[in-house]
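With positions in the sequence shown counted from 1, the corresponding number in the numbering used here is that position plus 132.
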Amino acid sequence: MESPEKFRKSASEVFKLMYVVFFVFLVIAGLLVYLMVDPSLSAFKNNNSDNTYISISKQEESDFDKIENGIHVRTGFIEAEGLMQVVNNCTSCHSAKLVTQNRMSKEQWSATIRWMQETQNLWDLGQNEEAILSYLATNYAPKKGGRRQNLSDVEWYDLEE
Ligand code: HEC
């Protein structure tokens with residue numbers, strides 16, 4: 133029979149061993165779980181093509197609705213309140229140019245929208261309609277002073293018969 137002293141010593145020896153085994157087991161289990169999730173270890177590979185793809189798409193995203201000199205580059209619309217509602221609702225069937233080349237009063241814009249709704253399957257603009265109308269009427273209003281100035285200082289001459 134061992135002495136209590138010796139027994140305690142070997143018991144603590146056994147415990148130490150159990151700790152070590154336990155941690156080794158934990159590490160192996162962790163690795164196994166990781167392998168199940170990512171069998172090709174792709175997280176550790178420097179996948180260049182993936183990175184390029186991400187950076188390009190981020191770049192495109194930031195360029196997509198770029199504003200330059202007060203103009204929404206993608207469509208040519210003037211930057212102002214209601215821009216994105218107009219971009220989202222008015223450029224899917226025809227070019228934005230069809231909109232920007234026109235100048236109308238609010239009533240005329242409204243009538244154009246009604247006409248498209250009645251004949252061209254334009255959807256109900258709902259809550260966006262007011263924002264769209266006021267954007268259009270403000271930024272694409274009929275130009276004032278469109279006629280040339282009256283002539284002045286004209287040297288008239290008589291037609292000879
Ligand atoms: C569902 C499709 C559709 C949507 C969305 C749409 N339109 Fe149109 N729009 C048309 C069609 C079709 C025409 C006729 C095109 C043609 O004549 O070539 C047109 C013509 C126009 C014209 C020219 C009208 C004319 O008398 O020549 C203007 C201006 C216009 N749309 C403005 C808008 C605005 C502003 C919006 C956003 C509220 C919008 N469109 C959204 C289909 C649409």
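Each residue gets a CB set at the ideal place from its N, CA and C atoms; glycine is no exception.
Just verifying my parser: in three-state terms, what is the DSSP assignment at residue i?
i: E293; result: coil
i: E200; result: strand
Once the 5 residues before and after residue i are set aside, which same chain residues still bring their CB inside 8 angstroms of it?
i: A212; result: Y267, T270 and N271
Using CA coordinates, which residue listed in the options is at the minimum distance from residue i?
i: E262; options: E137, E239 and F176; result: E239
i: C222; options: K198, P136 and I264; result: I264
How about residue i: is its Cβ closer than 6 angstroms to a heavy atom in the ligand HEC?
i: S266; result: no
i: S224; result: yes
i: N234; result: yes
i: L230; result: yes
i: Q252; result: yes
i: M248; result: yes
i: I199; result: no
Could you spell out where the alpha helix (DSSP H) holding residue i opens and where it closes?
i: R140; result: P136 to V169
i: S242; result: K238 to T251
i: N271; result: N260 to N271
i: V231; result: A228 to T232
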